[in-house]
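Notes for the one structure printed next.
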Amino acid sequence: EVQLVQSGAEVKKPGESLRISCQGSGYSFTNYWIAWVRQMPGKGLEWMGIIFPGDSATYYRPSFQGQVSISADKSTSTAYLQWTSLKASDTATYYCARSGYCTRINCVTYSRFDPWGQGTLVTVSS
Amino acid sequence: DIQMTQSPSTLSASVGDRVTITCRASQSISSWLAWYQQKPGKVPKVLIYDASTLESGVPSRFSGSGSGTEFTLTISSLRPDDFATYYCQQYKSFYTFGQGTKLEIK
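Residue numbers (our numbering), protein chains in the order written: chain A, -3 to 122; chain B, 234 to 339.
This is the structure we're talking about:
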């Protein structure tokens, strides 16, 4: 079964750093893009950025560039979303999701998000 | 950036109704569009991809159509389980979600 399992909920203070994770299983982790999506309380879905674990190619939505960093560890099939200095406005649920793929035979760069991780609630409050 | 605009933002309907949600792209995205369903506190679930392809396991009362800049999601006969928020998403160039349509019980 293809699965993405995210790390647990976090409660942090403004200015603190944080890294949340998303571990893939049941498929070739290095061949598929992993996206991160933010959902602020009571709001819609926002695509934040994406990484291709095979070569760590990373792209950010402009509004998130410089605010977060996305990385991946091929050895543990895990993608990460990281903040160096959290703000109260970072309070949200963060989802990872699998999207396009690239193999030696074929590449589909953009695709629907499926599956999704279960979400990680990040609460930033003094 | 490709912008996605859904309408309506809220839709009130009854069990058994046929409902349609519209999604417009700010530029042509061919058929690179997906629809998701999200219930409160739950993970989004893909219903339709490539504008009109039903995801495996999704009931046939859901259907998608359109290409270019205009797309629709139709639920042919609402069931109680369908009351949720629906999002469109373009994947022609990176990714953008619509703002969501909340489908409420009338």
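The beta-carbon is built from N, C-alpha and C at its ideal position, and this holds for glycine as well. The model shown is predicted, which means the values in this text are computed figures rather than measured ones.
Original post:
the stretch 93 to 106 of chain A: which residues have C-beta closer than 7 Å to a C-beta of chain B, in chain order?
Top reply: Tyr106
Subject >> Nearest candidate by alpha-carbon position, reference Asp86 (chain A), set A:Arg34, A:Tyr55 and A:Ile30 >> reply: A:Arg34
**OP:** Kindly indicate if chain A contains any beta-carbon less than 8 Å away from that of Gln260 (chain B).
**Re:** no
Subject >> Within-8 Å CB hit, Gly333 (chain B) to chain A >> reply: Yes, Gly333 (chain B) lies at the interface with chain A (some Cβ there is under 8 Å from its Cβ).
**OP:** Would you identify the three-state DSSP class for Phe304 (chain B), choosing helix, strand or coil?
**Re:** strand
Original post:
Interface residues of chain A around Lys325 (chain B) at Cβ under 8 Å?
Top reply: Tyr106
Subject >> Span of the beta strand (DSSP E) around Gly20 (chain A) >> reply: Leu14 to Ser21
**OP:** Give a yes or no on whether the C-beta atoms belonging to Gln239 (chain B) and Thr329 (chain B) are separated by under 8 Å.
**Re:** no
Original post:
Cβ of Gln236 (chain B) within 7 Å of any heavy atom in the ligand ATP?
Top reply: As for the ligand ATP, it is missing from this structure, which has no ligand bound.
**OP:** Report yes or no: do the stretch 283 to 301 of chain B and the stretch 260 to 275 of chain B share at least 3 C-beta pairs separated by less than 8 Å?
**Re:** In short, these stretches touch, since the Cβ pair count reaches three.
Original post:
Should Ala317 (chain B) be flagged as near chain E, meaning a C-beta pair shorter than 8 Å?
Top reply: Absent here is chain E; the protein component of the structure consists of chains A and B.
Original post:
Taking Cβ-Cβ distances below 9 Å as the criterion, which residues of the stretch 58 to 86 of chain A are in contact with chain B?
Top reply: Pro58
**OP:** Quick one: give me the first and last residue of the beta strand (DSSP E) that Gln322 (chain B) is part of.
**Re:** Thr318 to Gln323
Original post:
Who does Ile42 (chain A) pair with in a DSSP beta bridge?
Top reply: Note that residue 42 (chain A) is Glu in the sequence shown, not Ile. Answer by DSSP bridge pairing, in chain order: A:Arg34.
**OP:** Please state whether DSSP places Ser59 (chain A) in a helix, a strand or coil.
**Re:** helix
Original post:
Arg312 (chain B): which of B:Ile235, B:Pro241, B:Thr302 and B:Asp250 sits nearest, CA to CA?
Top reply: B:Asp250
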